[in-house]
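Asker:
Residue numbers (the UniProt record's numbering), protein chains in the order written: chain A, 1 to 804; chain B, 1 to 145.
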């Protein structure tokens, strides 16, 4: 267990002590105690920076289930470190912010911080693990914790809707990704990502290569809210604002980008990969920006803007992957710049978007609304918030002197360079990229100005606000101030970031280029009067025009009727699948127990009996059988008469007791065949079952002569007789077929191997302990099932329809 | 398990049960502990202990027993499952696989050379789980009456 392992599980273990702290120190705001966790993690990850920037990587593994190639393997390189620092750094700021945002009196803080820590651990797991299956596990865990956090105010209908929607979409994509992972494992024979990367050339021509690529991308696109899966993100804004700032802008939605970057060395250079990633990305950038301008709710505006920005980074990763086509050479090194810019913008986006969400939270907190139609003129009332909003919005719009300017200019460069590609038909279609990039950026400028000027300038309308506006307390302001100073700092010192974090990450994503000239570009704020600068000037002019003349062109949105929107499609699919599965279930769930038994036994007879019959496995071989003794013959006679008598009894009590006779006789059989453990178990189980039966009588209707007509009885007779016959035949055939040597001699050494002389128990407790453990778990689940079925009745007047 | 108003004359059952319960409990503990070398073990031991508790519930009514044994058997079941699962994690700390058991011989005062094994922890989890689940199911079905 390495230090990295401990760092991943640390926040998850912190969840365990949250309730204890909450009970022990009820007067403390839980956030103060929790704050220690992300800060400690952040500092720990900082200590890795010197090692990583020297282009070292750190790997460690704990074997988990070696037979399935499952190892809790961790791998830290530049890419994981960027994400780990974002997760813990933004995490610290968000926890600090939440201390002032969430009231101790009104909110259930133990829940909130438990979910948040669970998410932090899961997200660290996603970015630090090297094992596909473990990655999938943590991936879904982030979806689960996101679900819990969106539904934090779980009584609100919209929260429920948003949580369900995000869960269905991201987990659906996750399952597709799992299938892709399994295909990768089939192709490469390993679950280690680094090993798969080194096997890139040998798996590239496999027929599963493209399907695996598409399925993994589905996972990345759903998580990173790419078109057409972006629809969950605006609804996820029902979460408390610190959650939106953390999960839905800075970290979780970037997991898809991480996945794409991680798998670029495997799939990069493939035309499908290039077009899917860059095409979906650039279109998402355009689409998100288009709809961001339309939003009236500040958080919804930020949600669409996040979609757009994620699309921008996605498209950069796609464009950069072209450099891997046909191997690395000095000519194509220029295309790798796109990936570099993607990473750079990813960091920048986390800083300014995190700050923006916190600022909107402050406005919401201080004024009581986020509707831009009601806001206006807050500049004099909230001057600090206004300054912060200007810094972060104009960084988002790509203006100097903020970090967004640098990455936006380089984004233009990357799209322009991409048009010079001679592969993938880019010489003809390539012009789409700079075109959409320019239009998307104009829209971005427009919604950034809307965000600032509609909120802070214009007419102050006190009567529409719920609270008296005032500047936020210093506690709420510290986190966005830190993020905004990063926005400015990164503008002046971008190359420090590049040297310590981005360069090692680039070496990890494109190992074949490591050390090449111009591979790590120097970032300049000023590079002369070139196309990029003119594009930026065009963005400012166009964006400002759109902002001023909003009323003239807003009819554009009427071109997208709400009846055929993607949201509506999602709702349609949901209701259709619900009604179809309802109809199907009602078709066979008749409510009669005898029908269910009929299905079960008919299935058993057809499948098991059919297989045995077709393969000719019914063999009766009595040569090896021991002679039948007098006790055995007697027992069989007793059991036979008891079994037949059940059919003719008049009362339930008698039937149960006769059934008990069968059970006890089996126990005696175990004694005869020297299996004392089984005999004991059988005796006790039989006793307890009989008591259970007697208890259940109370709930059963009168034992009446049921419908005796032949139509009902003949199928019953056939089913019961053939089930009995099948069981006997299987038992006999097992004796008749000896396919391999018995393995029982292994367990005879139980005393040496497990220190116990009772073979049965050493098997249960040692050799096959996992089986036993899971059996206990199943038993427990069954117990809970009985308990809930009986105890937890529907509230308000006993309506037991669970589909409410 | 019966209603107070329909109390029958069951002096014999009650008297016998009072003694029998202790015999069954002792037997259950014996089965649990002897399971390593002789017939017995966590599952059977647990079932036997559970049947002793069930006998109490059958003989006396729910309220009386609940007063005498104020244990929430749901918690017992949960604790058992947790114990058997967590006991497997201990092996990870020593670099062994999940659920690996180990044993050694110790020279204990009074007992002489004794074998101590980690499987006891696992089996106690199993036993507690079985007791908890079986008693929970029976109590709930009978309470519903």
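Backbone N, C-alpha and C fix where the C-beta goes; we use that ideal spot for every residue, glycine too.
(1) Rounding to the nearest angstrom, what Cα-Cα distance links residue 523 (chain A) and residue 406 (chain A) in this structure?
(2) Please specify which runs of the alpha helix (DSSP H), each continuous and at least 4 residues long, are wholly inside the stretch 350-409 of chain A, giving them in chain order.
(3) Does residue 534 (chain A) pass the burial test, meaning 16 or more other C-beta atoms within 10 Å, or should it be called exposed?
(4) Mind checking who residue 50 (chain B) pairs with in its DSSP beta bridge?
(5) The beta strand (DSSP E) spanning residue 74 (chain A) covers which residue range?
(6) Less than 6 Å between C-beta atoms, sequence neighbours within five positions excluded: which residues of the same chain meet that for residue 700 (chain A)?
(7) Locate the alpha helix (DSSP H) running through residue 28 (chain B), then write down its first and last residues.
(8) Apply the 10 Å Cβ neighbour rule to residue 242 (chain A) and answer buried if 16 or more other Cβ atoms are within range, or exposed otherwise.
(9) Out of A:249, A:218, A:282, which one is the CA nearest neighbour of residue 172 (chain A)?
(10) Is residue 153 (chain A) helix, strand or coil when you go by DSSP?
(11) When DSSP labels each residue in this structure, what does residue 106 (chain B) get in the three-state scheme?
(12) In the structure shown, what three-state DSSP assignment does residue 12 (chain A) receive?
(13) If you reduce the DSSP assignment to three classes, tell me which class residue 117 (chain B) lands in.
(14) How would you write the range of the alpha helix (DSSP H) that residue 122 (chain A) sits in, first residue to last?
(15) Please list the partners that residue 676 (chain A) has in chain B, where partner means a Cβ-to-Cβ separation under 7 Å.
(16) Could you check the C-alpha separation between residue 730 (chain A) and residue 602 (chain A) for me, to the nearest Å?
(17) Less than 8 Å between CB atoms is the rule here; does residue 117 (chain B) satisfy it with respect to chain A?
(18) In three-state DSSP terms, what is residue 625 (chain A)?
(19) At the 8 Å Cβ level, is residue 191 (chain A) part of the contact set with chain B, yes or no?
(20) Which residue marks the beginning of the beta strand (DSSP E) containing residue 60 (chain A), and which one marks its end?
(21) Report the residues of the stretch 678-698 of chain A with a CB closer than 7 Å to any CB of chain B, ordered along the chain.
(22) In the DSSP output, which residue or residues are listed as bridge partners for residue 807 (chain A)?
(23) Using a Cβ cut-off of 8 Å (strictly closer), state whether residue 780 (chain A) contacts chain B.
(24) Assess, as a yes-or-no matter, whether the stretch 68-87 of chain A is touched by the stretch 336-349 of chain A under the definition of 3 or more beta carbon pairs within less than 8 Å.
(25) Could you give the distance in angstroms between the alpha-carbon of residue 184 (chain A) and the alpha-carbon of residue 177 (chain A)?
(26) Quick one: is the Cβ of residue 284 (chain A) within less than 7 Å of any heavy atom of the ligand ADP?
(27) Out of B:21, B:38, B:13, which has the shortest C-alpha to C-alpha gap to residue 757 (chain A)?
(28) Is the stretch 130-138 of chain A touching the stretch 189-199 of chain A in the sense that three or more CB pairs, one from each, lie closer than 8 Å?
(29) Tell me which residues of the stretch 48-77 of chain B have at least one Cβ-Cβ distance to chain A shorter than 8 Å, keeping chain order.
(30) Leaving out the 5 sequence neighbours to the left and right, which residues in its chain are closer than 8 Å to residue 40 (chain B) when beta-carbon positions are compared?
(31) Does any CB atom of chain E fall closer than 8 Å to the CB of residue 14 (chain B)?
(32) Do residue 665 (chain A) and residue 635 (chain A) count as a contact pair if the criterion is CB distance below 8 Å?
(33) Over what stretch of residues does the alpha helix (DSSP H) that includes residue 74 (chain B) continue unbroken?
(34) Just the Cα atoms here: how many angstroms apart are residue 474 (chain A) and residue 481 (chain A)?
(35) Give a yes or no on whether 8 Å exceeds the smallest Cβ distance from residue 106 (chain B) to chain A.
(36) Is DSSP giving residue 140 (chain B) helix, strand or coil here?
Answerer: Answer, in terms of the structure:
(1) Counting from 1 along the first chain, the entry for residue 523 (chain A) is found at position 523. Counting from 1 along the first chain, the entry for residue 406 (chain A) is found at position 406. C-alpha of residue 523 (chain A) to C-alpha of residue 406 (chain A): approximately 8 Å in a straight line.
(2) Qualifying alpha helix (DSSP H) stretches, in chain order: 383-397.
(3) In the first chain, residue 534 (chain A) corresponds to position 534, counting from 1. Answer is exposed; the Cβ neighbour count stays below 16.
(4) As a position in the second chain, residue 50 (chain B) is number 50, starting the count at 1. Under DSSP, residue 50 (chain B) takes part in no beta bridge, so it has no partner.
(5) As a position in the first chain, residue 74 (chain A) is number 74, starting the count at 1. It spans 70-76 - the beta strand (DSSP E) in which residue 74 (chain A) sits, taken as one unbroken run.
(6) Within the first chain, the letter at position 700 stands for residue 700 (chain A). Counting only Cβ-Cβ distances below 6 Å, and skipping sequence neighbours, we find nothing.
(7) Residue mapping note: residue 28 (chain B) aligns to position 28 of the second chain, counting from 1. Start and end: 11-34.
(8) Here residue 242 (chain A) corresponds to residue number 242 of the first chain, with the count starting at 1. Around the beta carbon of residue 242 (chain A), a 10 Å sphere encloses 16 or more other beta carbons of the protein chains shown; the residue is thus reported as buried.
(9) Here residue 172 (chain A) refers to the residue found at position 172 of the first chain. Put simply, of A:249, A:218, A:282 the residue whose alpha carbon is nearest the alpha carbon of residue 172 (chain A) is A:218.
(10) Position 153 of the first chain, counting from 1, holds the residue named residue 153 (chain A). For residue 153 (chain A), the secondary structure class from DSSP, reduced to helix, strand or coil, is coil.
(11) As a working mapping, residue 106 (chain B) is identified with position 106 in the second chain. Strand.
(12) Here residue 12 (chain A) refers to the residue found at position 12 of the first chain. In the three-state DSSP reduction, residue 12 (chain A) falls in the helix class (H, G or I).
(13) Locating residue 117 (chain B) in the second chain gives position 117, where the first residue counts as 1. Under the three-state reduction of DSSP output, residue 117 (chain B) falls in the strand class.
(14) Start at 1 with the first residue of the first chain, and residue 122 (chain A) comes out as number 122. Per DSSP, the continuous alpha helix (DSSP H) segment holding residue 122 (chain A) begins and ends at 109-128.
(15) Translated into positions along the first chain, residue 676 (chain A) becomes position 676. Near residue 676 (chain A) (Cβ distances below 7 Å), the residues of chain B are 39.
(16) The residue labelled residue 730 (chain A) in the question sits at position 730 within the first chain. The residue labelled residue 602 (chain A) in the question sits at position 602 within the first chain. Rounded to the nearest angstrom, the two C-alpha atoms are 16 Å apart.
(17) To locate residue 117 (chain B), count along the second chain from 1; it is residue 117. Put simply, the CB of residue 117 (chain B) is near chain A, with a gap under 8 Å to one of its CB atoms.
(18) Looking up residue 625 (chain A) in the first chain gives position 625. In the three-state reduction of the DSSP assignment, residue 625 (chain A) falls in the coil class.
(19) Here residue 191 (chain A) corresponds to residue number 191 of the first chain, with the count starting at 1. Taking CB atoms only, residue 191 (chain A) has no neighbour in chain B less than 8 Å away.
(20) Taking the first chain and counting its residues from 1, the one referred to as residue 60 (chain A) is at position 60. Residue 60 (chain A): member of the beta strand (DSSP E) spanning 58-65, first to last residue.
(21) When CB distances to chain B are screened at a threshold of 7 Å, the residues of the stretch 678-698 of chain A falling below it are 680, 681, 684, 685, 687, 688, 691, 692, 695, 696, 698, in chain order.
(22) The structure shown does not extend to residue 807 (chain A), since chain A spans only 1 to 804, so no value can be given for it.
(23) To locate residue 780 (chain A), count along the first chain from 1; it is residue 780. Yes, residue 780 (chain A) lies at the interface with chain B (some Cβ there is under 8 Å from its Cβ).
(24) Yes, the stretch 336-349 of chain A touches the stretch 68-87 of chain A.
(25) Here residue 184 (chain A) refers to the residue found at position 184 of the first chain. Here residue 177 (chain A) refers to the residue found at position 177 of the first chain. Approximately 10 Å, taken between the alpha carbons.
(26) By its list of ligands, the structure shown contains no ligand whatsoever, and the ligand ADP lies outside what it can speak to.
(27) Counting from one through the first chain, the residue named residue 757 (chain A) turns up at place 757. Closest by alpha carbon: B:38.
(28) At 8 Å Cβ cutoff, the stretches touch.
(29) Here the close residues are 48, 50, 51, 54, 58, 74, 77.
(30) Your numbering for residue 40 (chain B) matches position 40 in the second chain. So the list reads 30, 31, 32, 33, 34, once near-sequence residues are dropped.
(31) Among the protein chains in the structure shown, which are A and B, there is no chain E.
(32) Numbered from its first residue, the first chain carries residue 635 (chain A) at position 635. Numbered from its first residue, the first chain carries residue 665 (chain A) at position 665. Going by C-beta atoms, residue 635 (chain A) is nearer than 8 Å to residue 665 (chain A).
(33) Here residue 74 (chain B) is taken as the residue at index 74 of the second chain, counted from 1. Unbroken alpha helix (DSSP H) run through residue 74 (chain B): 73-93.
(34) If you number the first chain from 1, residue 474 (chain A) lands on position 474. If you number the first chain from 1, residue 481 (chain A) lands on position 481. Inter-residue distance for residue 474 (chain A) and residue 481 (chain A) is about 10 Å (C-alpha atoms, whole angstroms).
(35) By one-based count along the second chain, residue 106 (chain B) stands at place 106. With 8 Å as the cut-off, residue 106 (chain B) does not count as an interface residue toward chain A.
(36) Here residue 140 (chain B) refers to the residue found at position 140 when the second chain is read from its first residue. Note: residue 140 (chain B) maps to helix in three-state DSSP.
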